[in-house]
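Below is one structure, written out as structure tokens, with a few remarks after it.
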Amino acid sequence: MSVIEKLKASKLVPVLRAPSQEEGLRMAHALVSGGVKVLEVTMTVPGAVELIATLSQSLESDVLIGAGTVLEPQTAEKCVQAGAQFIVSPALNLDTVTWCKGAGIACAPGCLTPTEILTAHQAGADLIKIFPADAMGGPSYIKSLKGPFPQIEFMPTGGVNLATIRSFFEAGAVAVGVGSNLVNPKLSSEEIAILTSEFIKAA
573 MSVIEKLKAS
583 KLVPVLRAPS
593 QEEGLRMAHA
603 LVSGGVKVLE
613 VTMTVPGAVE
623 LIATLSQSLE
633 SDVLIGAGTV
643 LEPQTAEKCV
653 QAGAQFIVSP
663 ALNLDTVTWC
673 KGAGIACAPG
683 CLTPTEILTA
693 HQAGADLIKI
703 FPADAMGGPS
713 YIKSLKGPFP
723 QIEFMPTGGV
733 NLATIRSFFE
743 AGAVAVGVGS
753 NLVNPKLSSE
763 EIAILTSEFI
773 KAA
């Protein structure tokens with residue numbers, strides 16, 4: 573399976589934001605113990621590139637590790653060198669998409685408007701991250717977008733929780749990004765693992 577096929581099969585992409593590398597490592601292992609097969613480490617984590625390298629070496633080989641909040645190709649390259657297998661952005665930067673395509677790395681740029689979505693798709697984006705999905709109406713916005721863009725695959729992020737996750741898939745999402753509703757530093761490792769299994773079942 574390709575990276576994108578594995579990501580879509582997992583359906584759930586936890587977005588890991590943490591105040592430190594140590595907390596990021598703790599939460600990552602808690603997510604994996606709960607059954608997660610995909611992780612997105614955001615560049616807002618202090619020492620995020622080093623954390624990606626550590627996770628790449630310490631986690632099982634079947635766990636996909638991606639880099640999130642990547643804003644330009646230079647950061648994408650550093651993350652891939654550290655072991656990231658896919659790149660996620662909060663916005664559309666065509667240089668980053670072009671670099672990823674040239675390097676053979678899966679990418680999911682962040683888009684919101686139909687024009688951004690079509691531009692990203694035509695540039696070769698593998699998935700389109702709809703962000704912030706909740707600000708535009710959540711599942712109803714995804715459903716509206718699938719009308720004119722049935723061929724484009726969406727990964728909404730923002731507002732995905734246990735109550736809404738099923739609606740996002742029913743609206744046409746192929747995967748969802750989940751942030752603080754799952755990856756929360758205030759939760760213990762055991763609580764994160766239990767919550768993770770609940771999200772996986774819901775997905």
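So for the sequence shown, this note's numbering puts the first residue at 573; every next one is plus one.
Virtual Cβ for every residue (Gly too), placed ideally from N, Cα, C.
Worksheet item: chain B beta carbons: is any one of them nearer than 8 Å to that of GLY676?
Response: Structure shown: chain B not included; a single protein chain is present.
Worksheet item: Which stretch, first to last residue, makes up the beta strand (DSSP E) that contains ALA707?
Response: Taken as a continuous stretch (DSSP letters only), ALA707 belongs to no beta strand (DSSP E), as it is neither H nor E.
Practice prompt. Measure from the alpha carbon of ASP634 to the alpha carbon of each residue in GLN646, PRO645, VAL610, then state which is nearest.
Written response: VAL610
Item to complete: Name, in chain order, the residues that DSSP records as bridge partners for CYS679.
Response: ILE659
Worksheet item: Cβ of VAL604 within 8 Å of Cβ of ILE637?
Response: no
Item to complete: Please go through the same chain and pick out, in chain order, the residues whose beta-carbon is closer than 6 Å to the beta-carbon of SER769, but skip the five residues on each side of it.
Response: GLY606, GLY607
Discussion item. With three or more C-beta pairs closer than 8 Å as the rule, is the segment 590-597 touching the segment 664-682?
Written reply: In short, these stretches do not touch, since the Cβ pair count stays below three.
Practice prompt. Name, in chain order, the residues that DSSP records as bridge partners for VAL610.
Written response: LEU636
Worksheet item: Secondary structure at GLY674, three-state DSSP: helix, strand or coil?
Response: helix
Discussion item. For GLN653, which residues in the same chain have their Cβ closer than 6 Å to its Cβ, ignoring the five residues on either side in sequence?
Written reply: Cβ within range, chain order: n/a, list empty.
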